[in-house]
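Reading through the structure tokens given below for one structure.
2 protein chains.
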Amino acid sequence: MELLLKDCTQVLTQDNKRNILKDIDILIKDGIITVIGKNLSTTGKMIDCKDKLAMPGLINTHNHLAMSLFKGYGDDMPLDRWLQEKIWPAEAKLDNDSVKYGALFAIIEMIKTGTTCFNDMYLSSEAVLKATKSTGIRGFIAYGMIDLDNPEKTESELKAANSFLKNFTPEENGLILPILGPHSPYTCSRDLLEKTKLLAKEKNLPIHIHVSETKKEIEDSIKDKGMRPIEYLNSIGFLDKNIILAHACHLSEDEIALIKHAGARISHNPTSNMKLATGGAMPLQKLLNAKIPTGLGTDGSASNNSLDLFGEMKVCALLHKFANNDPETASAQTVLDIATIGGAKVLGLEDKIGSIEVGKRADIILLDLNDTTMVPNHNPVSNIIYSATGACVDTTIVNGKILMENRTLKTIDEKKVIENVNEFASKI
Amino acid sequence: MELLLKDCTQVLTQDNKRNILKDIDILIKDGIITVIGKNLSTTGKMIDCKDKLAMPGLINTHNHLAMSLFKGYGDDMPLDRWLQEKIWPAEAKLDNDSVKYGALFAIIEMIKTGTTCFNDMYLSSEAVLKATKSTGIRGFIAYGMIDLDNPEKTESELKAANSFLKNFTPEENGLILPILGPHSPYTCSRDLLEKTKLLAKEKNLPIHIHVSETKKEIEDSIKDKGMRPIEYLNSIGFLDKNIILAHACHLSEDEIALIKHAGARISHNPTSNMKLATGGAMPLQKLLNAKIPTGLGTDGSASNNSLDLFGEMKVCALLHKFANNDPETASAQTVLDIATIGGAKVLGLEDKIGSIEVGKRADIILLDLNDTTMVPNHNPVSNIIYSATGACVDTTIVNGKILMENRTLKTIDEKKVIENVNEFASKI
């Protein structure tokens, strides 16, 4: 099946040279970018891309999809009160149906704001998986495990994670992939972390874990374990190239060296960290200097409260300029790299996605160059980071399939999902 | 002339009690809100406001409209290099026609993102005024004065400012008002500041001035004048209730007391300050504790690079939570207050705008409650600050006149303006 993106006014390739191409066609066959050139034709569908900018779809490396149900349910509170008074009581009311609609609603928001790949960790993962498969988006789904040092819970959580893995069959198209999700070093016992690691090695799976999010977490780790969280994960043999560390706000120089040596990867969530006041900015430039793969994440909608990575990119640039008192750090190009090819590296998909190059999967978004946020066009990268919002995304393509065209969703009944989300929300 | 907003699903009044009304009508007559109630009817136009949220239009208290022409022209640079290498050479190419289209383009962006009133300071102010009058938006325009201690320039700048004032005739509808704009204490001589003050008293005009934006400005002021910028302005009798201080990032306790005592007002520009790394967050909570009128501003499009106050509100909340390491500060309601009634107070228009109340001018925006950013509706204030962007604004009304309906502009030819902006941009 072919798809031709005809006469793209600009193509932000995000290839190694960061080439920006002009007035060019992109031919996609069976989900793969096969030709980038002039005067191409097709027997399949063609999209007129005049006054459009084509760029790689954005990659959200840390999310809790179904928490879209709790967007705006609790804000402006410290983390512990937010969890105890708001989120945990609300989560007790979730069932498979509400999680399904919560996940679908998050996917609607992602597709409409140009995100083509996500990394999810939550509960009722079967419901998330079922919802996700129907949408055509790309992503990883983890069943989030928490045992709080309770040995019975350790076994039941591992059993649930194992059981979830059985939903992934080899004959699938590989758009949705499994990942293991032990929640964090402070909510998971050493036993659970070690057994998760064994399972990951046996099944050749990556692991997604929260770590070093707040200052309190660091202090507690030093008190309880005699070392900082990353040092602890390293000491139990947990840290390697298949580990995705979400947040990682507070890292010592030694911990950065440990992450570098292990080949582990980072998901950076600037808005969530600022909103919850986790106490200091992630050392972005140090991580990039060490060539540690770093991607961008929104965290869940209850702690952001948006899945729009355009907004997240701007906040990322602003945070690091402010925190380092340096207007030159976290440049527009640096931030765009994190949100595209950087995210692909974090998810181990750099051979498949993250840039527009022949041979890669066609995860492409088209921006409207006549949108006020993209005018004037002195520098498209600057406009994308500092001016645009996800509302300038006109068309979203994943694996060569059009999920949104002219801002109309093609695979999800938006009205029905919103009705169901509102209905659930009215009950909590 | 009547306008009826029928069956508003929610009305965020921003009145003294911060009432949120449900399923209610708003009747507007000759630009004034005359009735808020049930089952109202009209002989004039009616807008069906089912699934819409009505709220006061947002107020942008610091802007340089025509700098929209330079959006994305220079980023990720220190202030001095940015001015010398990028902005000043580009400004040398401006003429009345380009400034007109730059101003119109900024107004398009504002109307489309729910801003109904602005406070501008720039050059070619006659061109800005002429463009603005045709659009129906509300605002203040200043001719920006800079003399750099050159006495000839002092006189010519005052002459230009005086001449600009002659464009405002008593018979106008009062939507666009004059304000005086001495650029800053470091670009204006004491003589210029004192003569501007006399002129302001004579004509009963407010004054808009940049102050205490960067750490360097504070250091230079102490070195050159023996005191900090606000202390200096106070010492020359400049500080009173008609002064709007833009930026004011770096304030000592003594300076806050001086501002409070004088009754002066503040325009806070968080994104611009973070992007240019001006070195520390404005002491927002201290200013609010002192009950100093404080509004929100975007600064010009060249240093933000967006005029969307929805994004600005989110950045404002995030900045202060991060800088103060406190998730409870800069709450959603606090930030919404700053961007609405707070801005009205800063501009001395609190009797006319900033809230939806009987007797006030109808500067009202309608948000689409089915937009993904506004769903679910646990808390509309939270959704507005943390989730929404200006793209959720469906309709923008100023002084009872519809400037945008169903996202279609009513008073400006958007296509023509964009063509002209692109043409100018291609020349610099």
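Keeping their order, the protein sequence lines are chains W and Y.
Our numbering applies: residue 362 is where the first sequence begins, and numbers increase by one.
Our numbering applies: residue 362 is where the second sequence begins, and numbers increase by one.
Glycine is no exception: its CB is placed at the ideal position from the N, C-alpha and C atoms.
With a threshold of 7 Å between beta carbons, threonine 756 (chain W) makes no contact with chain Y. Bounds of the alpha helix (DSSP H) holding glutamine 694 (chain Y) are 693-698. For tyrosine 593 (chain W), there are no neighbours in chain Y by C-beta distance under 9 Å, as the nearest C-beta there is about 24 Å away.
Per DSSP, reduced to three states, the secondary structure at lysine 776 (chain W) is helical.
For leucine 414 (chain W), the closest Cβ of chain Y is not nearer than 7 Å.
Per DSSP, the beta-bridge partners of glutamate 766 (chain Y) are Y:Thr769. Aspartate 412 (chain W) places its beta carbon 7 Å or farther from that of asparagine 783 (chain W). When secondary structure is reduced to three states using DSSP, histidine 571 (chain W) falls in the strand class. Not one beta carbon of chain W lies nearer than 7 Å to the beta carbon of glutamate 580 (chain Y). Exclusion of the five residues before and after leucine 365 (chain W) leaves Asp386, Ile387, Leu388, Ile389, Leu401, Ser402, Thr403, Gly405, Lys406, Met407, Ile408 as the residues of its chain whose Cβ lies within less than 8 Å of its Cβ. The closest CA to that of serine 633 (chain W), considering only W:Met674, W:Ile604, W:Ala693, W:Ser787, is found on W:Met674. Scanning its chain for C-beta atoms nearer than 8 Å, with the 5 sequence neighbours on each side dropped, one finds around aspartate 376 (chain Y) the residues Ser716, Ile717, Glu718, in chain order.
With at least 16 other beta carbons inside 10 angstroms of its own, arginine 499 (chain Y) counts as buried. In summary, leucine 426 (chain W) is buried, with 16 or more beta-carbon neighbours lying within 10 Å of its beta-carbon over all protein chains present. For the set W:Asp384, W:Cys753, W:Glu513, W:Glu614, the Cα lying nearest the Cα of serine 550 (chain W) is the one of W:Glu513. The straight-line gap separating the alpha-carbon atoms of alanine 691 (chain W) and tyrosine 547 (chain W) is approximately 31 Å. In summary, the residues of the stretch 471-500 of chain W whose CB is separated from some CB of chain Y by less than 9 Å are Lys473, Thr474, in the order they occur in the chain. Contact between alanine 693 (chain W) and aspartate 552 (chain Y) fails: their C-beta atoms lie close to 42 Å from each other, not under 8 Å. Comparing alpha carbon positions, the residue from Y:Leu649, Y:Ala521, Y:His629 closest to glycine 641 (chain Y) is Y:His629. In the structure shown, tyrosine 547 (chain Y) falls within a coil segment according to DSSP collapsed to helix, strand and coil. Pairing lysine 713 (chain Y) with asparagine 686 (chain W), the inter-Cα distance amounts to about 39 Å. When DSSP assignments are scanned along the stretch 432-471 of chain Y, the uninterrupted stretches of alpha helix (DSSP H) that are 4 or more residues long and fall wholly within it turn out to be 449-452. Close to chain W, meaning a Cβ-Cβ distance shorter than 8 Å, are the following residues of the stretch 621-636 of chain Y: Thr632, Asn634, Met635, Lys636. Here the alpha carbon of tyrosine 462 (chain Y) sits roughly 29 Å from the alpha carbon of proline 688 (chain W). Inter-segment contact for the stretch 642-660 of chain Y and the stretch 615-629 of chain Y is present: three or more beta-carbon pairs are separated by less than 8 Å. The three-state secondary structure of serine 628 (chain Y), taken from DSSP, is strand. Between the alpha carbons of serine 613 (chain W) and methionine 482 (chain Y) lies a distance of about 46 Å.
Close to glycine 418 (chain W), with beta-carbon spacing below 8 Å, lies no residue of chain Y; the smallest spacing is near 17 Å. Runs of the alpha helix (DSSP H) spanning 4 or more residues and lying entirely within the stretch 586-623 of chain W occur at 590-596, 614-623, in chain order.
Counting C-beta pairs with one atom in each stretch, the stretch 521-530 of chain Y and the stretch 576-590 of chain Y have fewer than three that are closer than 8 Å, which means they do not touch.
By the criterion of a C-beta distance shorter than 8 Å, lysine 556 (chain W) is surrounded in its chain by Thr515, Leu519, once the five residues flanking it on both sides are discounted.
DSSP links leucine 419 (chain W) through a beta bridge to W:Thr476.
For glutamate 363 (chain Y), the pairing in a beta bridge is given by DSSP as Y:Lys390. Per the C-alpha coordinates, the member of Y:Asp441, Y:Met471, Y:Lys721 positioned closest to asparagine 666 (chain Y) is Y:Met471.
The continuous beta strand (DSSP E) containing leucine 657 (chain Y) extends over residues 655-657.
With fewer than 16 other Cβ atoms from the protein chains shown falling within 10 Å of its own Cβ, serine 787 (chain W) counts as exposed.
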